[in-house]
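See structure below.
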Amino acid sequence: MGLRIGDAVKAVSPATLQRTGAQAFLRVLTGVAALISFLIIFLMLFFLIYYAYPAIRFNGLNFLTNPIWNIGNQYGSGVTTRNGFSGPPGASFGALVFIFGSVVTAALTMVVAVPLSMMVALSLVYRVPRRIRPLANALVELMAGVPSVVYGLWGLVVLVPWIGQTFAPWVTAHFGFVPFFGGSAGSGNGLAAAVFILALMVIPIMVATTRDVILAQSNSLFEASMALGSTSWQAMVRAVLPSVRSGIVASILLSFGRALGETMAVLMVCGAAINTFPQNFFSPVNTIAAVIVSQLESALTDATGMAQRSLAELACVLFIITLLVNIVARGIMRGADRREGAHQ
Amino acid sequence: MRKTLVLALAALLLASMGGRALAATDLLETGSTLLYPLMNLWVDAYQHGNPNVQITTQGTGSGTGISQAISGVAQIGASDAYMADAQMASSPMLNIPLAISAQQINYNVPGLNNVHLNLSGPVLAGIYMGEIQFWDDAKIKAINKEYGNKLPHTQIVPIHRAEGSGDTFIFTQYLTKSTPSWKAGPGFGTTISWPAVATAVGASGNPGMVQTCQNTPGSIAYIGVSFLNQTEKAGLGYAALQNQAGKFVLPTEPNIAAAAGATDKATPPDERISLIFAPGENSYPIINYEYAIVNPKQSDPAKAAELKKFLDWSLSEGQSSKFLGAVHFLPLPASIQKLSRAQIAKIQ
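These protein sequence lines are chains A and B, in that order.
Under my numbering, the first residue of the first sequence is numbered -12, with each subsequent residue one higher.
Under my numbering, the first residue of the second sequence is numbered -19, with each subsequent residue one higher.
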């Protein structure tokens, strides 16, 4: 992380590059490339906010705390006007249900996927016999390459009926005393289905990246730990995993982002709740990404355009949540590094 | 040998290029997924007799159909719902009915899927508002005397469309017209603010509605009649609905035609009218016109001419039961065909 573009340029330059001219050129080129990545993020956010501005004024701060999403009566007469901007009569754009749904599904996905992925990655490196390792690796990569709508379809046809008719009734009957596991077993469409589908989709990403950072680490840590008398479990969990912590955090971040943004597969199995929060693990939910795509069709027929702009405002919120998650995670990592530095 | 092959290929290439140069006119139809299968049948048949026009069809959703017809991307925007006054004011479009569709209320109540339960607007509104929660509710029993003790104490799962849809539009219009408390509350639209019911499920598209209803014992769903084959295959029951006259009627051809016949005189020249909850003893209460949304001022005169020809054809030969029957639509009554033709004549 402490590496600067200049350092990289210096590292390749001495032998191969013709002194100053080429060096300066390369420096400018890489500088521009780096700038573009910032610029794209900035422009996207700028465009979203610019487009959503009327909605931001129309909805006010209420947008973040209001659980009611109602695009209003498209066929009514007159308009509702707030702060100088007008929307359809009766419109009420509240994002709370969707913000809650996005964050909770993504977080629960991590709860399911992180331990599983760590175990799979460790076994791929240390446990799976060498002969079938290429096959196992290929399978993980294949899973990562399956289009999300395929997972969604499988979820709708196989997973949802299984949850609704077998898994949820069993859990509510035997573990009903655990908070959020009791109550109605529902139809299968809901939080549990969304979490399982998302976990299936992020596990291959997490496994592949974790496996690669472990492989990039030299084998000596594992061997040294074993030599000191630890069991292989202890060597893996206490020596190997902490040494690749930043790589793992990066892969979790990537997966969390994927879970937050995944749209079609979630929309197909989440039960598309509106105006209502999940009562338990099996209740319908909705996420920001899913609601944007499902409401767009109707928003297009809104003559005032406020419904479309409110969807753009939702997109802004999703963007900001993703940014916040990134910043917070980076902060945690930096803090951990500093503490470690102090120990040494 | 090889030389002849090359020559043949070259000739083929030339021929295909020549063919393309002749087929100068491209038309794009996009929108309603209910109308999409019919459009495909129509276009396929039409192009056999008219090789010089290339019509592309897309099932994207009514909202997209309307907005792309307005923006000029598509020449025909297919929609299950007519355009609202507010949108007509900013972009005046022709709303041309092409056929009549209906909607079934499907349910999955084990043991009762092979019979037709009676349901009314107020009972459906009660279900979708969360006031009627079990199939053996007194209000359901009261209109289903013969199955009174067969109705199970199963929780009702009301399924609605997750995305904007013409089906939601006509279903909620039925509730609005038949039930004052629904009119005062959620109202109607292609997407509405559904009452907070913990068991309610949103499903995507008509296929998603069929799938979810089939998977979920105790569920109820509203599904376009063009999916009749699929709902029957899924073993779902469909209800007899209470019409304005108070009778419970099934979505059969005579009952749909009766409803269409009861509303044709009321249809204004711009043909934007709801056919829901029509008067008459036999009128099935949830039917609608399937619309082609067309900009009266086309930018390309050649396209305008071909567009008029195709739309006129869809109102004459296109009304044959060999097309409409396949998707369980009904032809327009003669007086409505006349109104539609008058609108088509306005295209420039």
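The beta carbon of each residue, even a glycine, is placed where N, CA and C say it ideally should be.
{"Item": "CB of Ser173(B) within 8 Å of CB of Ile261(A), strictly", "Value": "yes"}
{"Item": "Cβ neighbour criterion (16 or more within 10 Å) applied to Val315(A)", "Value": "exposed"}
{"Item": "C-beta atoms of Ile236(B) and Leu310(B) nearer than 8 Å", "Value": "yes"}
{"Item": "Neighbour list for Pro41(A) in chain B, Cβ cutoff strictly below 8 Å", "Value": "Within chain B, no residue comes near Pro41(A); the closest Cβ sits about 16 Å away, beyond 8 Å."}
{"Item": "Neighbour-count burial assignment, Met189(B), 16 or more Cβ in a 10 Å radius", "Value": "buried"}
{"Item": "For Pro17(B) and Arg14(A), the rounded distance between their alpha carbons", "Value": "58 Å"}
{"Item": "CB contact flag (Val127(A), Pro229(A), <8 Å)", "Value": "no"}
{"Item": "Pick from Ala39(A), Thr250(A), Ala294(A) and Ala21(A) that is closest to Ile412(A), judged by C-alpha positions", "Value": "Because chain A spans -12 through 331 in this model, residue 412(A) falls outside it and cannot be assessed."}
{"Item": "Inter-stretch contact (C-beta, 8 Å, three-pair minimum) for the stretch 149 to 162 of chain B and the stretch 92 to 107 of chain B", "Value": "yes"}
{"Item": "Members of the stretch 35 to 63 of chain B that neighbour chain A once the beta carbon cut-off is set at 7 Å", "Value": "Gly41, Gly43, Thr44, Ile46 and Ser47"}
{"Item": "Proximal chain B residues relative to Met255(A), where beta-carbon distance stays under 8 Å", "Value": "Ser184 and Gly188"}
{"Item": "Buried versus exposed call for Phe34(A) [16 or more other C-beta atoms within 10 Å across all chains shown]", "Value": "exposed"}
{"Item": "Three-state class that DSSP yields for Trp56(A) in the structure shown", "Value": "strand"}
{"Item": "Per-residue burial, Trp56(A) [other beta carbons within 10 Å of its own, 16 or more giving buried]", "Value": "buried"}
{"Item": "Ile23(A), buried or exposed, once every other Cβ within 10 Å from all chains shown has been counted against 16", "Value": "exposed"}
{"Item": "Delimiting residues of the beta strand (DSSP E) encompassing Val33(B)", "Value": "Val33 to Gly39"}
{"Item": "Terminal residues of the beta strand (DSSP E) in which Gln113(B) lies", "Value": "No beta strand (DSSP E) holds Gln113(B); DSSP gives it neither H nor E."}
{"Item": "Local conformation of Ile172(B) per DSSP, three classes", "Value": "coil"}
{"Item": "Residues in the stretch 293 to 304 of chain B having any Cβ partner in chain A nearer than 9 Å", "Value": "none"}
{"Item": "The stretch 242 to 253 of chain B touching the stretch 198 to 218 of chain B, judged by at least three CB pairs closer than 8 Å", "Value": "no"}
{"Item": "Proximal residues, the stretch 63 to 74 of chain B versus chain A, C-beta separation under 9 Å", "Value": "Met63, Ala64, Asp65, Ala66, Gln67, Met68, Ala69, Ser70 and Ser71"}
{"Item": "Proximity below 8 Å, CB of Leu51(A) to CB of Ala94(A)", "Value": "no"}
{"Item": "C-beta neighbour in chain A for Glu270(B), strict 8 Å", "Value": "no"}
{"Item": "Buried or exposed (CB count within 10 angstroms, at least 16 for buried), Trp220(A)", "Value": "exposed"}
{"Item": "Delimiting residues of the alpha helix (DSSP H) encompassing His308(B)", "Value": "No alpha helix (DSSP H) holds His308(B); DSSP gives it neither H nor E."}
{"Item": "Segment limits, alpha helix (DSSP H) that includes Asn75(B)", "Value": "No alpha helix (DSSP H) contains Asn75(B), which is instead part of the beta strand (DSSP E) from Leu74 to Asn88."}
{"Item": "Below-8 Å beta-carbon distance, Gln204(A) vs any chain B residue", "Value": "no"}
{"Item": "Counted within 10 angstroms of its Cβ, other Cβ atoms place Thr7(A) as buried (16 or more) or exposed", "Value": "exposed"}
{"Item": "Neighbourhood of Val278(A) by C-beta, 6 Å cutoff - its chain only, sequence neighbours within 5 removed", "Value": "Phe85"}
{"Item": "Beta carbon proximity, Glu9(B) to chain A, threshold 8 Å", "Value": "no"}
{"Item": "Cβ of Gln323(B) within 8 Å of any chain A Cβ", "Value": "no"}
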